[in-house]
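Asker: If you scroll down you'll find the structure; I have some questions about it.
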Amino acid sequence: MVRDHGFHPVRIKRIVQETADTRTYVLDAPFPYRAGQFVTVRACGTLRSYSMSSSPDTDAELMTTVKRVPGGLVSNWMHDHLEPGDVIETTTPAGVFCLRESGTPLVAFCGGSGVTPILSLTKSALATTSRRVRVLSADRDAGSIIFGSALAELSERHPDRFEIRHHLDDQGGFVAEAQVREFTGGDLDADFYLCGPAPFMDLVERALLAHGVDGAQIFAERFTPTTEASAPGGRTTNAEKDGTVSIVLAGKRRTVPQHPCETLLESARRAGLFPPFSCESGNCGTCIAHVTEGEAKMRVNNALDDDEVTEGWVLTCQGEPVSAHITVVYEN
Ligand SMILES: Cc1cc2nc3c(=O)[nH]c(=O)nc-3n(C[C@H](O)[C@H](O)[C@H](O)COP(=O)(O)OP(=O)(O)OC[C@H]3O[C@@H](n4cnc5c(N)ncnc54)[C@H](O)[C@@H]3O)c2cc1C
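Be aware that the sequence shown starts at 1, since it is given in the working numbering, and climbs by one per residue.
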């Protein structure tokens, strides 16, 4: 399998104002994709990933939904500068936060803009399977609910198979573990999909595991890094160890000594290179590169499938060398 790493010009057909701080961008993009995937946008000299809110099974057009992040570079630029007819640069869709073949119920917990891939997954699951789907969607207040009417329509159309429950923080605080357990009820065999702010996802995951859910049934899409280890430079030390890391980017090859606990992305930066990256959590796949010599082990991999790993692809933000010498080639 060959990954398309390139960026493609994509015209914005329409923009839908969903809430005061959230917009949907309807894109003129003929990309095949799976429900739950995302595209990565190149803007403001950097890269950001945005999930599809549309479903390839029910929507004729591809849509991404972007919520303003206070102080955030790209989300605010998109809201303030983009208009219908403008052209943006995006990758083709990627990501593994997708439905798997299963007849078990699907139970989703989302918060804020995390509803974006959950809506896509819900539409596809209802359209292409006979699975029951239940979504607990948490928002600050009623005005912050994104896709309230789309979710209500799905519930009217599939009253026996779909339940949406809205949790509003202004009516009793954040979601508590007891509510997660209560919403899950006896559906311990379900597939669980989580997407939202990091503390929300951590709480839901903890509650599900304590409730007896098998961790292998929990699928999480993290929009932001969670651990110190996944932050830039999080666990790196300056001590050298035996071995080298060679990085090839845009025709330049640089070799540096290995440092303990350093990711390949961090080694590349230390070598004076500026490779592509976005989430730095192992989710978006923007930092993908090909290992052509040696071996790396990823701390987290929520973006590459087994075939891609076998073919030697690595998420450089998560990959650490496990061989004395390693060569990593960025393809774009
Ligand atoms: C796989 C994936 C899918 C995603 N899907 C979606 C989606 O569907 N919809 C969506 O809205 N988002 C989504 N995201 C999140 C999105 O990619 C961006 O992270 C988000 O829009 C914020 O980007 P930004 O450039 O606006 O903010 P950034 O500039 O990255 O800033 C983020 C935060 O850091 C703070 N900050 C920035 N600079 C500094 C500084 N120097 N010091 C201190 N604090 C600082 C900002 O105040 C802000 O709070 C997704 C992320 C991933 C990884």
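Built from N, CA and C at the ideal position, the CB exists for glycine as well. Keep in mind it's a predicted model, so treat the numbers as computed, not measured.
To which residues of the same chain is I146 closer than 8 Å at the C-beta, ignoring the five residues directly before and after it?
Answerer: What you label residue 146 is simply residue 146 of the sequence shown in a count that begins at 1. Excluding positions up to five away in sequence, the list reads E18, T19, T22, T65, K67, G112, S113, V115, T116 and D139.
Asker: State buried or exposed for N259, treating a residue as buried only when at least 16 other CB atoms are found within 10 Å of its CB.
Answerer: For the purposes of this step, residue 259 is identified with residue 259 of the sequence shown, where counting begins at 1. Looking at the sequence itself, residue 259 is His, so the reference to Asn does not match. Flag for H259 reads buried.
Asker: Should L73 be listed as close to ligand 1, given that the test is whether its C-beta is under 8 Å from any heavy atom?
Answerer: Residue 73 sits at position 73 when you count from the first residue of the sequence shown. Yes, Cβ of L73 sits closer than 8 Å to a heavy atom of ligand 1.
Asker: For E320, name the three-state secondary structure that DSSP assigns.
Answerer: Your numbering for residue 320 matches position 320 in the sequence shown. Strand, per DSSP.
Asker: Does the separation of the CB atoms of V180 and V135 fall below 9 Å?
Answerer: Stepping through the sequence shown from its first residue, residue 180 is reached at position 180. Stepping through the sequence shown from its first residue, residue 135 is reached at position 135. No; because the gap between Cβ atoms is not below 9 Å, this pair is not in contact.
Asker: Do the segment 37-44 and the segment 92-111 make contact, defined as three or more Cβ pairs closer than 8 Å?
Answerer: The answer is yes - the segment 92-111 touches the segment 37-44, with three or more Cβ pairs under 8 Å.
Asker: Given a cut-off of 9 Å, decide if K123 and E61 are closer than it, judged by their beta-carbon atoms.
Answerer: Here the question's residue 61 lines up with position 61 in the sequence shown. Here the question's residue 123 lines up with position 123 in the sequence shown. No; because the gap between Cβ atoms is not below 9 Å, this pair is not in contact.
Asker: Nearest CA to the CA of L47: which residue from D59, H158 and M78?
Answerer: As a position in the sequence shown, residue 47 is number 47, starting the count at 1. Taking only the C-alpha atoms, the option nearest L47 is M78.
Asker: Could you name the residues of the same chain whose beta carbon sits closer than 8 Å to that of L273, not counting the 5 residues immediately before and after it, in chain order?
Answerer: Along the sequence shown, read from residue 1 onward, the residue named residue 273 stands at position 273. The residues are I247, L249, K252 and R254.
Asker: Give a yes or no on whether the C-beta atoms belonging to T327 and I288 are separated by under 9 Å.
Answerer: The residue you call residue 327 lines up with position 327 of the sequence shown. The residue you call residue 288 lines up with position 288 of the sequence shown. No, these two residues do not count as a Cβ contact at 9 Å.
Asker: According to DSSP, simplified to helix, strand and coil, what is S230?
Answerer: Translated into positions along the sequence shown, residue 230 becomes position 230. Confidence in S230 is poor, its pLDDT being 41 and thus under 50, which makes the residue's placement too unreliable to answer from.
Asker: Quick one: what's got a C-beta closer than 7 Å to H325's C-beta in the same chain, skipping five residues either side?
Answerer: Sequence index remark: in the sequence shown, residue 325 carries index 325 (1-based). Once the five neighbours on either side are set aside, the close Cβ partners of H325 are G243, T244, E293 and G294.
Asker: Considering only residues of the same chain and omitting the five flanking positions on each side of S230, which have a CB-CB separation below 8 Å?
Answerer: What you label residue 230 is simply residue 230 of the sequence shown in a count that begins at 1. Bear in mind that a pLDDT of 41 at S230, under 50, signals an unreliable position, so the number given afterwards is only what the model happens to contain. Closer than 8 Å at Cβ, skipping near neighbours: E280, S281, G282, R299, V300, C317 and Q318.
Asker: Going by the CB atoms, is the gap between V213 and F192 shorter than 9 Å?
Answerer: The sequence position of residue 192 within the sequence shown is 192, counting from 1. The sequence position of residue 213 within the sequence shown is 213, counting from 1. Yes. Within cutoff.
Asker: Between P93 and ligand 1, is there a pair consisting of the residue's CB and a ligand heavy atom that are separated by less than 8 Å?
Answerer: The residue given as residue 93 occupies position 93 in the sequence shown. Not so, every heavy atom of ligand 1 lies at least 8 Å from the Cβ.
Asker: Name the two residues that bound the continuous beta strand (DSSP E) containing H158.
Answerer: To locate residue 158, count along the sequence shown from 1; it is residue 158. Counting along the chain, H158 falls outside any beta strand (DSSP E), and DSSP gives it neither H nor E.
Asker: Please work out which residues of its chain come closer than 6 Å, Cβ to Cβ, to V26, disregarding the five sequence neighbours upstream and downstream, and give them in chain order.
Answerer: The residue labelled residue 26 in the question sits at position 26 within the sequence shown. For V26, where only same-chain residues beyond five positions count, the Cβ hits under 6 Å are K13, R14, E61 and M63.
Asker: Rounded to whole angstroms, what's the CA-CA distance from R42 to R11? Just pull it up for me.
Answerer: In the sequence shown, counting from the first residue as 1, residue 42 sits at position 42. In the sequence shown, counting from the first residue as 1, residue 11 sits at position 11. So the alpha carbons of these two residues sit roughly 14 Å apart.
Asker: On a CA-only basis, which of T58, G285 and V204 is nearest A125? Give me that one, please.
Answerer: For the purposes of this step, residue 125 is identified with residue 125 of the sequence shown, where counting begins at 1. Ranking T58, G285 and V204 by Cα distance to A125 puts T58 first.
Asker: Check whether the Cβ atoms of F219 and L188 sit closer than 9 Å, and answer yes or no.
Answerer: Along the sequence shown, read from residue 1 onward, the residue named residue 219 stands at position 219. Along the sequence shown, read from residue 1 onward, the residue named residue 188 stands at position 188. No, the Cβ-Cβ distance between F219 and L188 is not below 9 Å.
Asker: Give a single yes or no on whether F38 has its beta carbon closer than 8 Å to a heavy atom of ligand 1.
Answerer: Taking the sequence shown and counting its residues from 1, the one referred to as residue 38 is at position 38. Yes, the Cβ of F38 comes within 8 Å of a heavy atom of ligand 1.
Asker: Taking the alpha-carbon positions, what's the S144 to G312 distance?
Answerer: Your numbering for residue 144 matches position 144 in the sequence shown. Your numbering for residue 312 matches position 312 in the sequence shown. Their backbone Cα atoms lie some 42 Å apart in a straight line.
Asker: Within a Cβ cutoff of 6 Å, which residues of the same chain sit near A29, ignoring the five residues on either side of it in sequence?
Answerer: Within the sequence shown, the letter at position 29 stands for residue 29. V10 and L62, listed in sequence order.
Asker: From which residue to which residue does the beta strand (DSSP E) around E247 run?
Answerer: Working through the sequence shown from its first residue, we reach residue 247 at position 247. Contrary to the premise, residue 247 reads as Ile rather than Glu in this sequence. Segment K241 to L249, the beta strand (DSSP E) holding I247.
Asker: Is the Cβ-Cβ distance between V133 and E163 less than 9 Å?
Answerer: Position 133 of the sequence shown, counted from the first residue, corresponds to residue 133. Position 163 of the sequence shown, counted from the first residue, corresponds to residue 163. Yes, the pair counts as a contact, with Cβ atoms nearer than the cut-off.
Asker: Return the residue from the list V322, V291, H8 and F97 that minimises the CA-CA distance to Y330.
Answerer: Along the sequence shown, one-based indexing puts residue 330 at 330. Minimum Cα distance to Y330 is reached at V291.
Asker: Can you tell me whether S353 sits near ligand 1, meaning its C-beta is under 8 Å from at least one heavy atom of the ligand?
Answerer: Nothing in the structure corresponds to residue 353, since the chain is present only between 1 and 332.
Asker: Could you check which residue in T310, Y33 and A296 has the C-alpha nearest to that of E320?
Answerer: Here residue 320 refers to the residue found at position 320 of the sequence shown. Minimum Cα distance to E320 is reached at A296.
Asker: Please work out which residues of its chain come closer than 8 Å, Cβ to Cβ, to R270, disregarding the five sequence neighbours upstream and downstream, and give them in chain order.
Answerer: By one-based count along the sequence shown, residue 270 stands at place 270. Contacts found: V256, H259 and E262.
Asker: DSSP on Q37, reduced to helix/strand/coil?
Answerer: By one-based count along the sequence shown, residue 37 stands at place 37. Note: Q37 maps to coil in three-state DSSP.
Asker: In angstroms with no decimal places, state the Cα-to-Cα distance between L208 and E156.
Answerer: Here residue 208 refers to the residue found at position 208 of the sequence shown. Here residue 156 refers to the residue found at position 156 of the sequence shown. Approximately 28 Å, taken between the alpha carbons.
Asker: What residue range is occupied by the uninterrupted beta strand (DSSP E) comprising I218?
Answerer: For this step, residue 218 is matched to residue 218 along the sequence shown. First-last of the beta strand (DSSP E) with I218: I218 to E221.
Asker: So S49 and T286 are supposed to be a Cβ contact under 8 Å. How far apart are they, rounded?
Answerer: Position 49 of the sequence shown holds residue 49. Position 286 of the sequence shown holds residue 286. Rounded, the Cβ-Cβ distance is 7 Å, consistent with contact.
Asker: In three-state DSSP terms, what is D306?
Answerer: As a position in the sequence shown, residue 306 is number 306, starting the count at 1. Helix.
Asker: What do you get for P70, buried or exposed, if any count of 16 or more other CB atoms within 10 angstroms of its CB means buried?
Answerer: Translated into positions along the sequence shown, residue 70 becomes position 70. The residue in question, P70, is exposed, as its Cβ has fewer than 16 Cβ neighbours within 10 Å.
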